[in-house]
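Position in the sequence shown (from 1) plus 6 gives the number in this note's numbering.
See below for the structure under consideration.
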Amino acid sequence: MLRPAQLQATAAPTPYAPPATSGAIAAWPDVHLVANGMAVHLRMIAPGDLEREREFVHGLSPRTRYQRLMSARTPSAEELRRWTDVDRSREGAVVATVDIDGFERQVGVARYFIDQPDAQADFAIVVADEWQGMGLGRQLLTALVDLARQSGVRKLVGTTMSENKGMIALGRSFGFRPSREPGAAIYTLLSLSLQPEC
């Protein structure tokens, strides 16, 4: 699982301006099968997902929640609102849901946030504990990379624990370059350029 990376601004960056198509729904199939044979729906997150997001986060194990929030605390109502009511000019989030007994349940989410003027974005992925190891992380990352590229993001950067060999291997398979985060050997930085270098 990833947490937002601490990024340094580059010298004289080009200001980021979202493209006219920013916020459009990415062109990926919205239904995927995972290793347990169930159909998983991928779509853009929406304000109406607030309660699903709340249940999802509260259902995470302490370890997975720590990797998501960098603490075991319970997120505030305002944080949950921000995570579902995103500013699509600077953020993107893909939610994974399944139909259980007629109810849509959230089982994963991937998101990015542009906080650099050169369109470099932090990204994070989290999958519900019982859905880990089924290929859902790959589906989410595929959709997120596609969405970020469509939205004009030039580079995705995130940090994972160095012991998380599965996440590092997944990142490598997408072309992410791993490196040790300066001053924090327990973390590995993953970065991927999405746009041609000028």
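Virtual Cβ for every residue (Gly too), placed ideally from N, Cα, C.
By the Cβ criterion, the region 84-93 is in contact with the region 42-54, since at least three pairs of Cβ atoms, one from each stretch, lie closer than 8 Å. Counting only residues of its own chain and dropping the five nearest sequence neighbours on each side, S199 has a CB closer than 8 Å to the CB of R160, K161. Residue environment: R117 is assigned as buried (16 or more neighbouring CB atoms within 10 Å of its CB, all protein chains considered). For R111, the enclosing beta strand (DSSP E) starts and ends at 109-120. Bridge partners of K161 according to DSSP: Q126, S199. A Cβ-Cβ separation of about 15 Å leaves A127 out of contact with V115 under the 8 Å criterion. Residues of the same chain with a CB within less than 6 Å of the CB of H38, apart from the 5 flanking positions on each side, are V46, Q145 in chain order.
Sorting R69, V101, E97, N42 by C-alpha distance to the C-alpha of R60 places V101 at the top.
Comparing alpha-carbon positions, the option among G189, M44, Y193 lying closest to V113 turns out to be M44. F129 is classed as buried because its beta carbon has at least 16 other beta carbons within 10 Å across all chains shown. Membership of A149 in the alpha helix (DSSP H) is indicated by the continuous run 142-156. Only residues of its own chain outside the window of five on either side were considered, and among them V40, A41, N42 have a CB closer than 7 Å to the CB of M140, listed in chain order. Contact between R87 and L56 holds, with the beta-carbon distance rounding to 6 Å and staying under 8 Å. Annotation for A41: no beta strand (DSSP E) segment contains it, and DSSP assigns it neither H nor E. Excluding sequence positions up to five before and after D135, its CB lies within less than 6 Å of the CB of S67, T70, all in the same chain and listed in chain order.
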